[in-house]
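K.L.:
Here you go, one structure.
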Amino acid sequence: MLCESDRTNWVNGAFVKSACYAVLQGSRPFDLTGERNEKIHSAQRRLVARPYSMESVSHLEPQVTHLIGDLLIKFDSFAASSRPIDIGTWFQLFAFDVIGAISFTKPFGFVALANDDGMLTRIERSLGNTAWLMHVPWIFNFHQKYILPSEVQGRRDKGGIDNDLVGQLFQTAHSKTELNDLVISFMMTSNVFAGSDTTSAALRGIFLNLLRHPRVLSKLRAELEEQRAAGRLSSIVTFQEAEASPYLQAVMHEAMRVFSPVGFNPDRDVPEGGMMINGIFVPGGTVVGSNAWVIHRVPEVWGADFEQFRPERWLERESSSELKPALEKTSVGWR
């Protein structure tokens with residue numbers, strides 16, 4: 024294994040996605056996930072940048088807040104009856120509903136029904152096979168399916184709020200014919216598969232580590248209680264309020280470090296001409312990868328206590344600016 028502490032070339036786009044991503048793209052001319060050509064990807068990204076911008080997504084926060092309320096009601100009922108639950112499953116049901124709400128105006132209803140209609144199993148099987156299927160093009164392309172064309176068509180037929188993701192993509196498609204319903208269906212399928220799984224995995228990691236470390240949980244509760252007493256927290260914490268809670272942010276960053284939602288290596292090609300990596304020359308075109316579970320445990324970056332769940336490392340003035348660029352949340356580099 025080669026380990027390179029200088030991540031500049033990863034971040035600035037010198038390493039491009041490897042050939043396996045072309046398998047994901049298939050025959051679609053428009054694909055933000057699989058497109059390997061950086062110029063084409065940049066043009067496509069600009070086309071749909073507004074619907075996915077923080078400004079646009081922030082307008083959908085009321086839908087998410089409502090779903091958080093629904094989830095808390097469920098948890099209260101479980102607590103009142105002393106009924107044990109698999110909280111991880113509920114986080115995934117919740118993540119599905121969030122993706123549904125911000126994409127199609129309405130949630131899928133998984134939390135309300137306490138049922139996922141078999142979707143969790145299908146996604147688990149799909150994601151478990153994706154890593155090797157990306158290297159076997161003919162199998163992947165033969166079995167490739169879209170799970171949400173009916174949802175996209177239903178959203179077009181029934182209508183919804185203009186600023187959900189599909190609504191904004193519909194508006195963009197009026198002037199950009201390459202953004203057709205099939206492309207939008209695949210984008211929404213990617214949202215549901217990747218977005219729901221990484222979101223629920225992140226929530227699992229946060230709560231698992233809080234429960235394992237009572238000191239951290241007590242300190243976080245103290246911060247939130249202080250914020251609430253000062254009138255700086257709503258009954259359901261908003262995005263802005265969470266951003267203004269330093270220890271909460273540190274807990275989330277540290278949980279993402281020790282329990283990364285993504286565990287596979289995102290393949291990239293070494294640029295033409297090759298590169299020296301940790302004193303060893305790696306030829307251009309060589310496929311390399313950066314695994315978050317390894318990078319997040321490099322003692323030269325995270326310190327001798329890298330195995331410990333210690334949110335305080337993110338609040339230490341001398342280290343916080345160095346740590347954030349090294350955190351691989353769901354991928355590596357600028358895309």
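Numbered as in my numbering, the sequence shown ends at 358 without a single skipped number. We treat Cβ as the ideally placed atom computed from N, Cα and C, and that holds for glycine. No experiment lies behind these values; they were computed from the predicted model shown.
Check PHE165 in the structure and name its three-state DSSP category.
P.N.:
As a position in the sequence shown, residue 165 is number 142, starting the count at 1. Reliability of the predicted coordinates at PHE165 is poor, the pLDDT of 43 falling under 50, and no value is obtained from them.
K.L.:
Quick one: using the 10 Å Cβ neighbour count with 16 as the cut-off for buried, is GLY307 buried or exposed?
P.N.:
On the sequence shown, position 284 is the one that residue 307 refers to. Answer is exposed; the Cβ neighbour count stays below 16.
K.L.:
If you compare alpha carbons, which of VAL46, PRO284, LEU55 and GLY228 is closest to SER213?
P.N.:
Within the sequence shown, the letter at position 190 stands for residue 213. The option with the nearest alpha carbon to SER213 is LEU55.
K.L.:
THR261 to GLY297, Cα distance in whole Å?
P.N.:
Counting from 1 along the sequence shown, the entry for residue 261 is found at position 238. Counting from 1 along the sequence shown, the entry for residue 297 is found at position 274. Using only the alpha carbons, I get a separation of about 47 Å.
K.L.:
By Cβ distance below 7 Å, which residues in the same chain neighbour SER283 in space, the five residues on each side in sequence not counted?
P.N.:
The residue labelled residue 283 in the question sits at position 260 within the sequence shown. Around SER283: ALA315, TRP316, HIS319 and GLU351.
K.L.:
How many angstroms separate the CA atom of HIS166 from the CA atom of LYS242?
P.N.:
Within the sequence shown, the letter at position 143 stands for residue 166. Within the sequence shown, the letter at position 219 stands for residue 242. With a pLDDT of 47 at HIS166, under the threshold of 50, the modelled position of that residue is not reliable, and the figure given next carries that caveat. Using only the alpha carbons, I get a separation of about 49 Å.
K.L.:
Assess contact between the stretch 61-71 and the stretch 190-208, defined as three or more Cβ pairs (one per stretch) separated by less than 8 Å. Is contact present?
P.N.:
These segments touch.
K.L.:
Determine contact between the stretch 215-222 and the stretch 113-126, defined as no fewer than three beta-carbon pairs at a distance below 8 Å.
P.N.:
Enough Cβ pairs lie closer than 8 Å, so yes.
K.L.:
Taking 9 Å as the threshold (C-beta atoms), are GLU295 and TRP337 in contact?
P.N.:
Counted from its first residue, the sequence shown places residue 337 at position 314. Counted from its first residue, the sequence shown places residue 295 at position 272. Not in contact: TRP337 and GLU295 (Cβ atoms no closer than 9 Å).
K.L.:
What are the boundary residues of the alpha helix (DSSP H) that includes ILE359?
P.N.:
Any question about residue 359 goes unanswered here, given that the chain covers just 24 to 358.
K.L.:
Can you tell which of ASN186, LYS347 and PHE287 has the C-alpha that lies nearest to the C-alpha of GLN272?
P.N.:
Here residue 272 refers to the residue found at position 249 when the sequence shown is read from its first residue. Checked all of ASN186, LYS347 and PHE287; the closest Cα to GLN272 is LYS347.
K.L.:
Flag VAL71 as yes when its Cβ comes closer than 8 Å to any non-hydrogen atom of the ligand MG, and as no otherwise.
P.N.:
As presented, the structure is devoid of all ligands, the ligand MG included, so that no description of it is given.
K.L.:
If I measure Cβ to Cβ from ILE259 and keep anything under 7 Å in the same chain, skipping five residues before and after, which residues do I get?
P.N.:
The residue labelled residue 259 in the question sits at position 236 within the sequence shown. Closer than 7 Å at Cβ, skipping near neighbours: THR88, ILE91 and GLY92.
K.L.:
Could you tell me which of GLY177, MET279, ILE303 and VAL285 sits nearest to PHE329, measuring between CA atoms?
P.N.:
One-based indexing of the sequence shown puts residue 329 at position 306. Taking only the C-alpha atoms, the option nearest PHE329 is MET279.
K.L.:
Between PHE216, GLY111 and GLN263, which lies nearest to PRO85 when the distance is taken from Cα to Cα?
P.N.:
By one-based count along the sequence shown, residue 85 stands at place 62. Of the listed residues, the one whose Cα sits closest to PRO85 is GLN263.
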